[in-house]
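What follows is one structure encoded as structure tokens, with my remarks underneath.
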Amino acid sequence: MVQDKVAVVVGAAGPIGSACAQRFARRGLRLLLIDQDLSQLADCLAQPIAAGRVELGVCDLTDVPAVVQAIDAAAARFGRIDVLANCALEVGPDGCWEVDEAAWQRCLRVNMKLPFFALQACVPHMRRVGGGRVVNLSSTLSEYTDGQQGLIFGLAKAGLNSMTRQWAVDLCLDNIQANSLWVGHDRPENLPDPAQVAEWAVWLALDATSSLNGAQIPVDGGAALLRQGRLLASASRAGAPDQPTRPAQGE
Amino acid sequence: MTERGTGRRAVVTGGARGLGAAVADRLARAGWRIALLDHDVEAGQARAERLNALAPTWFVPYDAAGGDASAAIEAAAERLGGVDALVCAAHLSCEKPVERISQADWDRVLDVDLNGAFFPVQAARDYLVAGTDPCVVHLSSAQARVGTGLHAVYSAAMAAVAALSRSLAAELAPLGVRCCCVSPYTVSTESNQARFQDPDWRRLQESSVLNGAVIQAPELAELVYQIVAGPVGLFNACDIVLDGGMHVFRERPTVSPYQSADPGKVA
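What follows is the structure, given as structure tokens:
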């Protein structure tokens with residue numbers, strides 16, 4: 000029964016994390032929500048909070064021990080954990096010259112260290128109920144780059160993608176599945192609708208077959224892959240020969 | 000989700016049985032009008048009759064190996080009143096050692112798998128452009144990226160299907176048509192039931208995935224449905240691997256490393 004399940008949403012105050020939290024709540028799950036400022040989400044979820052079905056873990060996202068403590072406390076209170084949605088996101092600095100050590104540290108802590116230790120804290124509780132699901136919110140910048148933009152963010156999310164693969168294998172005998180969703184866009188104003196990404200994240204966490212595992216799934220409307228293709232298509236359409244071309248001898 | 004599909008129109012090639020039939024069934028249950036294309040007239044008609052209980056369904060004879068698909072697509076579009084989704088599931092596998100693959104095997108596999116992946120899209124292009132949230136889904140295979148041996152021609156065909164899907168995605172995106180690909184590992188269908196009776200083969204299938212479970216046709220159909228009927232802003236030019244994680248590991252663990260993990264002590 001989905002209503003018996005407990006989901007942990009790390010980075011619940013962001014647009015996608017918050018949409019995930021609200022969808023999980025609508026499906027009747029009990030929730031632990033973790034972020035620095037949960038006041039807005041607390042207003043939306045006032046009813047399940049009052050009913051004791053949603054716990055708020057107000058933590059700095061770089062404070063790993065505080066997050067782990069919140070997870071253990073919620074597991075003790077709810078008696079189980081079934082789902083971990085790693086939605087925390089720290090965009091960080093852009094070009095190489097903008098990176099200082101503090102920004103590097105913060106970006107890697109939020110995007111890599113936090114998901115890792117959040118999962119480590121969840122695993123024993125997932126094992127006790129016979130399995131679990133992890134959804135890692137990643138980015139197309141982990142695989143494609145325009146230079147400049149989100150350099151540290153991209154490498155941190157590449158690390159998260161690697162964790163998805165490792166966890167899928169490492170935890171397979173404990174019936175825990177992990178998948179990455181790659182959010183992306185061609186222009187900032189074309190970011191996918193957080194509610195739609197969340198709908199799919201919740202589908203992955205609750206409804207998808209356990210055979211969907213260790214996968215990297217772009218939810219960018221094709222932006223990452225299509226950018227170059229589009230340029231080529233428009234260039235070749237302009238002067239496209241009608242007949243298939245055969246390369247000249249020796250080419 | 001059901002209401003969203005109502006009245007939308009899908010063409011499913013290879014729809015008489017197996018993966019195509021499972022996809023058609025999922026779409027029909029969501030209220031889509033379906034045209035089933037298949038070379039097997041008897042099985043196709045029988046399947047269409049059964050689906051008719053769920054949603055209006057027509058059968059159109061079509062041989063994927065034969066190249067040009069315009070007659071079949073036109074007949075399908077006429078009955079459906081247009082095309083919003085095309086799922087290319089017509090498909091031929093070939094499991095043989097290299098020295099036993101004949102030229103006829105080679106030609107037959109590439110004809111069915113590649114002609115069947117391209118010509119229906121070419122024929123349906125204008126219908127799709129005029130459709131609602133139009134989408135093409137190709138079925139490739141985990142064999143396209145994992146070398147298991149004994150699948151030389153099939154894996155080459157499947158890699159070509161994935162590449163074709165990407166190229167079509169780039170070309171058709173400006174026209175508003177999405178093209179996506181799903182790459183499954185072995186899926187249990189009525190066509191391979193006999194094979195699953197062999198305990199060695201079943202064990203091999205189960206041990207090459209992380210969850211020890213054979214993928215069922217409705218599970219693949221659900222993923223295809225999520226792409227076809229899901230939000231247009233999310234899925235395009237993607238190749239989603241549904242393979243029980245087989246492409247990410249070399250050796251599957253035999254003992255859980257967490258056997259001694261104790262709630263409350265791990266931090």
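Same order as they appear, the protein sequences are chains A and B.
If you count the first sequence from 1, position 140 lands on 139 in numbering that gives the first Met the number 0, and the numbers rise without skipping.
If you count the second sequence from 1, position 76 lands on 75 in numbering that gives the first Met the number 0, and the numbers rise without skipping.
No residue lacks a Cβ here, since even glycine has one placed at the ideal position from N, Cα and C.
On the DSSP letters alone, give me the boundaries of the alpha helix (DSSP H) that Val40/B sits inside.
40 to 50
Between which two residues does the beta strand (DSSP E) harbouring His150/B extend?
That residue, His150/B, is in no beta strand (DSSP E); it is neither H nor E in DSSP.
So is Pro198/B in contact with chain A if we call contact Cβ pairs under 7 angstroms?
no
Report the rounded CA-to-CA distance for Lys112/A versus Val22/B, giving the unit in angstroms.
40 angstroms
With 7 angstroms as the threshold, decide whether the Cβ of Ala23/B is near any Cβ in chain A.
By this cut-off, Ala23/B is not an interface position.
With a floor of 4 residues, list each alpha helix (DSSP H) that falls wholly inside the region 158 to 198 of chain B, ordered by position along the chain.
192 to 195
Using the beta-carbon of each residue, which ones in chain A are nearer than 9 angstroms to Phe248/B?
Arg164, Ala167, Val168, Cys171, Gly213
Where does Trp200/B fall in DSSP's three states?
helix
Is the beta carbon of Thr12/B less than 7 angstroms from the beta carbon of Ala88/B?
yes
What's the gap between the Cα of Asp24/B and the Cα of Gly30/B?
10 angstroms
Given that Gly193/A touches chain B, what residues does it touch there, using C-beta distances under 8 angstroms?
The sequence shown places Pro at residue 193/A, rather than the Gly named in the question. Per Cβ cutoff of 8 angstroms: no residues; Pro193/A is ~11 angstroms from chain B at best.
Taking only beta-carbon positions, decide if Cys134/B is within less than 7 angstroms of chain A.
For Cys134/B, the answer is no, since every Cβ of chain A falls outside 7 angstroms of its Cβ.
Assuming contact is defined by CB atoms lying nearer than 7 angstroms, are Ile175/A and Gly146/A in contact in what I supplied?
Annotated as distal: Ile175/A and Gly146/A, with beta-carbon spacing of 7 angstroms or more.
Would Leu222/B and Val181/B qualify as a contact pair, given that the criterion is a beta-carbon distance under 7 angstroms?
yes
Quick one: using the 10 Å Cβ neighbour count with 16 as the cut-off for buried, is Leu26/B buried or exposed?
buried
Can you name the start and end residues of the beta strand (DSSP E) that His137/B belongs to?
From DSSP, the beta strand (DSSP E) with His137/B extends over 134 to 138.
What is the DSSP secondary structure of Asp3/A, reduced to helix, strand or coil?
Annotated three-state conformation of Asp3/A is helix, per DSSP.
Please report the distance separating the alpha-carbon of Ala85/A from that of Trp200/B.
Reading the sequence as shown, one finds Asn at residue 85/A and not Ala. C-alpha separation (whole angstroms): 37 angstroms.
Which residues mark the beginning and the end of the alpha helix (DSSP H) in which Ile15/A is found?
14 to 25
Say yes only if the C-beta of Val9/A is nearer than 6 angstroms to one or more non-hydrogen atoms of the ligand GTP, and no if none qualify.
With respect to the ligand GTP, the structure shown offers nothing to examine, as it has no ligands at all.
Assign Ile269/A to one of three DSSP states: helix, strand, or coil.
Residue 269/A lies beyond the residue range present for chain A, which begins at 0 and ends at 250; the question has no answer from this structure.
So with Cβ pairs under 7 angstroms, would you call Val240/B a contact of chain A?
yes
Going along chain A, which residues have a C-beta under 7 angstroms from Glu218/B?
Thr208, Ser210
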